[in-house]
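Participant:
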Amino acid sequence: MERHSGVAKCFPARQVVLDNGETNTRKWGDAMLKTKFTETFGIDYPIVQGGMQWVGYAELVAAVANAGGLGFITALTQPTPEDLSREIAKCRDLTDKPFGVNLTILPSLNPPPYVEYR
Ligand SMILES: Cc1cc2nc3c(=O)[nH]c(=O)nc-3n(C[C@H](O)[C@H](O)[C@H](O)COP(=O)(O)O)c2cc1C
Numbered sequence: 714m715e716r717h718s719g720v721a722k723c724f725p726a727r728q729v730v731l732d733n734g735e736t737n738t739r740k741w742g743d744a745m746l747k748t749k750f751t752e753t754f755g756i757d758y759p760i761v762q763g764g765m766q767w768v769g770y771a772e773l774v775a776a777v778a779n780a781g782g783l784g785f786i787t788a789l790t791q792p793t794p795e796d797l798s799r800e801i802a803k804c805r806d807l808t809d810k811p812f813g814v815n816l817t818i819l820p821s822l823n824p825p826p827y828v829e830y831r
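Residues in the sequence shown are numbered consecutively from 714, following this note's numbering.
#1: Could you give the DSSP three-state label for His-717: helix, strand or coil?
#2: Using 9 Å as the threshold, is the C-beta distance between Gln-766 and Val-777 below it?
#3: Residues in its own chain within less than 6 Å of Ala-721 by CB, not counting five upstream and five downstream?
#4: Here's a check: name, in chain order, each residue in its chain whose Cβ is nearer than 6 Å to the Cβ of Ile-760, leaving out the five neighbours to either side.
#5: Less than 8 Å between the CB of Gly-763 and some heavy atom of ligand 1, yes or no?
#6: Name the residue from Thr-738, Phe-750, Val-729, Pro-826 whose alpha carbon lies nearest to the alpha carbon of Glu-795.
#7: Measure the C-alpha to C-alpha separation of Arg-716 and Gln-728 and round it to an integer number of angstroms.
#8: Considering only the alpha carbon of each residue, which of Leu-819, Tyr-770, Ala-788, Pro-811 lies closest to Asn-779?
#9: Can you give the beta carbon distance from Val-768 to Ala-788, rounded, assuming they're within the 8 Å contact cut?
#10: My understanding is that Ile-786 touches Glu-800, with C-beta atoms under 8 Å, so please give their C-beta distance in whole angstroms.
#11: Do Thr-793 and Tyr-770 have their CB atoms nearer than 9 Å?
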């Protein structure tokens, strides 16, 4: 008799046809989950770690990237453009996967000098 785990019964393998006509067989536990978002950003899973002030440092962002998601360094945490540049370089040392940088557009008492960040 063939044995199935409960998970395999609930989530059987199924074929998904993508917008570009390619087919993708997905089953529970697959390492990759292809969507337009994952293909656009070159990541494995459609999961984003949003910008979080005082949390979105290189270590977290690289860990998210290495796990297959899309992480964002939070620019607002970095006191100067040079610090942000160093944080981006540190993240590039920790991962060769894509990641982003979150810039706030909210009104602020001390607006970040983003023009100097270029
Ligand atoms: C501690 C903390 C700090 C955050 N700081 C920022 C920030 O600096 N910039 C920003 O755009 N969003 C910030 N957010 C919002 C998050 O990026 C995210 O949009 C929010 O937590 C909602 O996430 P969800 O869509 O997964 O529920 C912060 C959230 C938390 C919990």
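Glycine is no exception: its CB is placed at the ideal position from the N, C-alpha and C atoms.
Facilitator: Based on what the coordinates show:
#1: Note that His-717 scores 43 on pLDDT, short of 50, meaning its location in the model is unreliable and no value can be drawn from it.
#2: no
#3: No answer about Ala-721 holds up, because its pLDDT of 43 lies below 50 and its placement is not dependable.
#4: Gly-782
#5: yes
#6: Of Thr-738, Phe-750, Val-729, Pro-826, the residue nearest in Cα terms is Pro-826.
#7: Its pLDDT being 46, under 50, Arg-716 is placed unreliably by the model, and the measurement read from it follows with that caveat. Cα to Cα, the separation comes out at about 22 Å.
#8: Pro-811
#9: Between Ala-788 and Val-768 the Cβ distance is about 13 Å, and since that is not below 8 Å, they are no contact.
#10: About 6 Å separates the two Cβ atoms, so the contact holds.
#11: no
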